[in-house]
């Protein structure tokens with residue numbers, strides 16, 4: 391038997407090359423992720439128990455109490471209550487003052503949410519391009535978020551003060567006699583400015599994080615395909631930011647409807663009655679100052695239903711335009 395015959399014998403196994411082994415490893419499907427399993431079925435519920443207790447105590451129980459109180463006319467001192475059915479709801483919805491406050495709330499929430507999101511996005515896009523002094527620039531923009539809403543309201547009162555307010559003097563240069571606290575729309579303008587200024591850093595943080603998560607290869611390809619920076623942003627960058635923008639839209643509306651309570655309270659407290667307010671502040675005034683607990687509860691239930699419908703509408707229709715992944 392020759393050497394050639396020995397080399398071609400089927401009994402001699404052929405050793406796979408390193409390239410073939412590497413290809414096999416690359417083509418092989420990834421291992422399935424390990425599932426975390428608990429030895430005892432009650433362990434997951436025990437881990438969730440603290441959060442469930444907090445949600446039940448601070449959300450579900452107060453909501454149930456508000457719904458129950460909305461059907462009663464209660465004594466201010468808690469000595470008794472009378473069942474009135476839907477009278478509290480009809481009184482609120484048939485009131486011209488309530489409809490006026492509701493219309494202003496819609497206007498205030500839409501303007502604050504849109505402006506804070508738009509300005510935060512512009513600042514985030516500009517900050518993403520800064521090379522020198524990037525940390526100082528971002529810190530200066532984010533630092534505003536550390537200001538508490540009551541403090542922001544107090545600062546707004548000082549900025550729009552009739553005697554020492556620099557913004558009032560600046561408006562006077564253009565012939566605008568601004569009277570915050572006396573004129574309805576002047577006070578509304580001041581409230582919108584302070585609310586937007588306070589919430590811009592929140593949008594800035596999330597949008598800047600979303601911009602930094604876009605791969606560099608995608609940006610380079612966009613520069614080649616789109617010469618215009620605006621068109622490049624609208625056709626490439628903004629679609630990739632839609633999950634972040636959708637999340638911030640919901641957060642901004644929630645902020646404008648609820649989290650501006652302390653700011654509005656500081657800016658319109660102890661002022662003449664002809665001042666704008668939101669529905670949340672109207673609930674507070676009727677409940678804690680007017681001692682109308684039944685009417686205040688009915689207004690809170692109406693607001694809760696409106697927010698629920700708005701959230702469902704956003705997830706049902708707006709989320710269709712959101713591209714994940």
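Numbering (the numbering used here), first residue to last: 391 to 715.
Don't be surprised by glycine CBs; every beta carbon is placed ideally from N, CA and C.
| query | result |
| --- | --- |
| In chain order, what are the residue ranges of uninterrupted alpha helix (DSSP H) at least 4 long that sit wholly in the segment 630 to 670? | 632 to 644, 651 to 658 |
| Residue range of the alpha helix (DSSP H) that residue 579 falls in? | 574 to 602 |
| Tell me whether residue 615 is buried or exposed, calling it buried when 16 or more other Cβ atoms sit within 10 Å of its Cβ. | exposed |
| Reducing DSSP to helix, strand and coil, say where residue 563 ends up. | coil |
| Taking its Cβ as the centre, do 16 or more other Cβ atoms sit within 10 Å of residue 455, making it buried, or is it exposed? | exposed |
| Among 506, 685, 564, which has the Cα closest to the Cα of residue 640? | 506 |
| Kindly indicate which residue of 500, 564, 686 has the alpha-carbon position closest to the one of residue 480. | 686 |
| What number of angstroms, rounded off, separates the C-alpha of residue 698 from the C-alpha of residue 431? | 33 Å |
| Measuring only the C-alpha atoms, how far is residue 562 from residue 517? | 33 Å |
| If you run the structure through DSSP and keep just helix, strand and coil, what is residue 462? | strand |
| Enumerate in chain order the residues of its own chain whose CB-to-CB distance from residue 492 is below 7 Å, with the five nearest sequence positions on each side excluded. | 669 |
| Would you tell me roughly how many angstroms separate the C-alpha atoms of residue 677 and residue 655, rounded to the nearest one? | 14 Å |
| Run the CB neighbour count on residue 539, radius 10 Å, all protein chains shown included, and call it buried at 16 or more, exposed below. | buried |
| When you compare only the Cα positions, how much space is there between residue 395 and residue 611? | Model confidence at residue 395 stands at a pLDDT of 48, short of 50, so the residue's coordinates are unreliable; what they give is reported in the following sentence. Answer to the nearest angstrom: the Cα atoms are 57 Å apart. |
| Hey, quick one: how far does the alpha helix (DSSP H) through residue 687 stretch, first residue to last? | 683 to 706 |
| Buried or exposed for residue 536, please, with buried defined as at least 16 other CB atoms from any protein chain shown within 10 angstroms of its CB. | exposed |
| Evaluate the contact criterion for the segment 634 to 651 versus the segment 585 to 601: three or more CB pairs, one atom per stretch, below 8 Å. | yes |
| Over what stretch of residues does the alpha helix (DSSP H) that includes residue 467 continue unbroken? | Note, residue 467: premise wrong, no alpha helix (DSSP H); not H, not E. |
| Which residues mark the beginning and the end of the alpha helix (DSSP H) in which residue 545 is found? | 539 to 549 |
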